[in-house]
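The opening position of the sequence shown corresponds to residue 342 in the working numbering, with each subsequent residue numbered one higher. Single-structure report; data block below.
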Amino acid sequence: MVPYEPKPPKPIAEKRTERDKEKIISEKKTDVPYTLTKVSEPSIEKPYLILKCKAERQIGAEIQKKRKIPILIPLLTSASGITASYLLYKTGRTALAYNIGILSIGSSAGMVTYNLLQKPKRILKEKEKIEPFVVRLKGTEYSSQVLPDEKGNLKISILDFAPFYEKGKIWTISLYSKGIRLDEFTIDPEPIASILLKPKYPPVLSFSVAFDDSTGDRDFFLDAEESGRIVLLVKNSGNSIARNLEVKLTPLTSVPYLNIPRSTKVEMVGSMEARRVVIPISATREVPTTTVELKIEVLEPYFQADAEPRILRFETRKFEPPDLIVYDKGVEEGEITTGKSANVSLVIQNKGTGRAEQVQCEIKIPSGITFLGERKIYNFGTMEPGAWQRIDFPIFVGARFPEESLKISLRLNERRDEFSKNIDVAFPLNRPIQRPKEIVVKGEEKLPTGVTMPPLLTVDVDINIPETKMKNPDAIAVVIGNKTYEDPKVPNVEYADNDARIIREYLIRALGYKEENILFIENARKSDFERVFGSEKEYKGRLYNYVKPEKSDVFIYYTGHGAPDIETKSGYFVPVDCQPDYVRIDGYALETFFRNIAQVRAKSMTVVIDACFSGASEKGMLIAQASPLSGVVIEKGVGSNLNLFTACGPEEIASWYPENRHSLFTYYFLKGLQGNADKNKDNEITLGELKEYLNENVTYGARRQYGRRQNPTFKGDESKVILKLK
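Quick look at the structure:
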């Protein structure tokens, strides 16, 4: 008989079930999974820092499996075999019963033995994907990502750090994984400096240029014996650094006695950056009156990616000598009497056609006369042609003074000895002498034909700019002066250019602003407004990008025309390319202006608007066939943290001040900053003090000169200090 064999069990599926259990042995992760070792330094041939990356321990899970026959199968096999053997034994089939019993017990024993002898199989789960390493250059915002190769090598290109190369500076490179700093390495870039300095791509260069007379008398002439500057702003809008640039100056006209460098080196202009280049020039005494033409070039040595050249024209003026005289004399008491004191007055004038420099007057009193004044030496500094200075001093004449007249000797010193002189001033004794009179002398310069009259230098707010100790390196300013309008029907704003220039000088010299932090625009077009302040759809303009959040004070000044939209009564700045009849299209809306600057995260914001928005001006209406509009909305959208000055109310006209070549409002604004607004004399000028000073003087000046209303307005923090005089 063939013994009975039970059917083998079905294969057990490869999955986690009660019949096929997995025992997880370990599953661990480490916080710092890698160690890094420097393999090689960068070189000229291989400008790479190569690091070896090694995992500190296995990232993943190790599991153990055993292939088993379920215990129920041998038990059922044994039970069924014994039962069948018993039943066969009862029927007399003893041999068959014996065989089936032995077979079932043997099968069960075999299955149990199989399970006991089965070895566990170790299986490692799939590793996690390695994330890129982050490479950072210490001291900069630069970072990049790099992956190791199959051998675990990290290859970091040092050429990527070329924009940050500085001679003698050591680089520190840090590596991060999953936000954890793994290690840092120092690199000396000097051995590969030659390839770091060589640009990969050509720069895109442009520049603006101007003649700057700020180191001289600020009359926009280069006078004999005067120094000036040629100032360039070189811009690089390319993706590569511009190095070793040459600014080349080539005279197109022959002008002797000028000291002009023919070449100036510019070491570097970074990508998307600008560099201010100042070139000093000077003229000797022999220079003639003429026009100088210079061809200005910015040359790039590697790709010859030169900027487009420009022609600069400015005027020189021949030497004019000063002539110091005693213009007049007087005695307060009406006569000088022996045995009594007297108060003497003298007026010193520069009668010449040239400027007198470092002028000093020294008084010498004869024997028998006692000088009662505090000083005998008076320093007048620079005296322009026609300028004068009055000095007053007391004396006592002894009773035994023997002379019939009193002779006072003056030594008038000028920087150049040839223009210094001794002058004797005689006063009769015991006889009537004229009392001092108010003397007003206004010099008139005779200019050569074809030379335009320079800006007046005798305006007090233009020359008496307070020199303070204020420093505000993070402050940003926008100064716009719109004088000349393209539409012939739009009258020019006569003194807007002078207003803007002098405001800029106060920002630099009195308020401590850096010159390069001032966005100065003359005759701004609508595109200029949008570029600086943003558009109706995009508020991030140049001003937004220049400001350091919560660190930068912002000062915005505008002088020019304003106009209303007749239908909406909304106010608009009038760019020089605007037609006021279409101001809603061509103008720059005040609502947009205030909304956009409110997005600028400045430390403080001060806005000064010297314009009117009624549609009227000193020379007539801006909008054809219209009358001045009332109810114009100016302050729509003004933020609560804004300090806002306006020159007049919404229905008024902003007046000019021709005698002082400024607008009425800006003249008194500058006058206030000189110290006149310091009501409590604490050497600090607050916005509230400035507001009161403007309200008093501008309102009175407009009524007295023009018989009309002009009431400046202010909204903001009156306690804020705008200027510290000491």
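The beta-carbon is built from N, C-alpha and C at its ideal position, and this holds for glycine as well. No experiment lies behind these values; they were computed from the predicted model shown.
- Linking residue 872 to residue 1020 through their CA atoms gives a straight-line distance of about 39 angstroms.
- In the same chain as residue 930, and ignoring 5 residues on each side of it, the C-beta atoms closer than 7 angstroms to its own belong to 911, 913, in chain order.
- When secondary structure is reduced to three states using DSSP, residue 1049 falls in the coil class, being assigned neither helix nor strand.
- Each residue's CA atom was taken as its position, placing residue 437 and residue 420 some 16 angstroms apart.
- The stretch 723-736 makes contact with the stretch 681-688, as at least three CB pairs between them are under 8 angstroms.
- Between residue 989 and residue 1053, the beta carbon gap of about 6 angstroms places them in contact (Cβ cut-off 8 angstroms).
- Taking the C-beta atoms as reference points, residue 570 is found no nearer than 7 angstroms to residue 609.
- Pairwise C-beta distances place the stretch 622-633 out of contact with the stretch 861-870, as fewer than three of them are shorter than 8 angstroms.
- Within the model, the alpha-carbon separation for residue 908 versus residue 1056 is close to 26 angstroms.
- A distance of 7 angstroms or more separates the beta carbons of residue 1035 and residue 998.
- Boundaries of the beta strand (DSSP E) around residue 617: 614-624.
- Counting along the chain, residue 828 sits inside no beta strand (DSSP E), nor does DSSP assign it H or E at all.
- Restricted to the stretch 889-947, the alpha helix (DSSP H) segments that are unbroken, complete and at least 4 residues in length are 924-927, 931-938, listed in chain order.
- Excluding five sequence positions before and after residue 742, the CB atoms of its chain that fall closer than 8 angstroms to its own CB belong to 679, 709, 710, 770, given in chain order.
- For residue 638, the enclosing beta strand (DSSP E) starts and ends at 631-640.
- For the 7 angstroms CB-CB criterion, residue 660 and residue 565 form a contact.
- DSSP places residue 811 in the coil class of the three-state scheme, outside both helix and strand.
- One alpha carbon belongs to residue 830, the other to residue 923, and they sit about 13 angstroms apart.
- Taking 7 angstroms as the cut-off, the Cβ atoms of residue 425 and residue 441 count as close.
- Boundaries for residue 871: no beta strand (DSSP E) harbours it, while the alpha helix (DSSP H) harbouring it runs 867-874, taken from the DSSP string.
- The continuous alpha helix (DSSP H) containing residue 448 extends over residues 435-458.
- The alpha helix (DSSP H) runs lying completely inside the stretch 531-591 and spanning 4 residues or more are 534-537, given in chain order.
- The beta carbons of residue 516 and residue 572 sit no closer together than 7 angstroms.
- Here the C-alpha atom of residue 842 lies approximately 54 angstroms from the C-alpha atom of residue 518.
- Around the beta carbon of residue 604, fewer than 16 other beta carbons lie within 10 angstroms, which makes this residue exposed.
- Here residue 941 is not near residue 898, since their CB atoms are 7 angstroms or more apart.
- In this structure, residue 1065 keeps its C-beta atom at 7 angstroms or more from the C-beta atom of residue 724.
- Residue pairing by DSSP places residue 495 opposite 392 in a beta bridge.
- Of all alpha-carbon atoms in 599, 612, 568, 554, the one lying nearest the alpha-carbon of residue 576 is that of 612.
- Taking a contact to require three or more Cβ pairs closer than 8 angstroms, the stretch 523-530 and the stretch 504-512 qualify as touching.
- With fewer than 16 other beta carbons inside 10 angstroms of its own, residue 767 counts as exposed.
- Between the alpha carbons of residue 487 and residue 497 lies a gap of roughly 7 angstroms.
- For residue 422, the enclosing alpha helix (DSSP H) covers residues 413-431.
- The C-alpha of residue 854 lies about 10 angstroms from the C-alpha of residue 894.
- The DSSP assignment places complete beta strand (DSSP E) segments of no fewer than 3 residues inside the stretch 646-696 at 651-658, 665-672, 682-691, in order along the chain.
- Residue 1002 counts as buried, since at least 16 other C-beta atoms from the protein chains shown sit within 10 angstroms of its C-beta.
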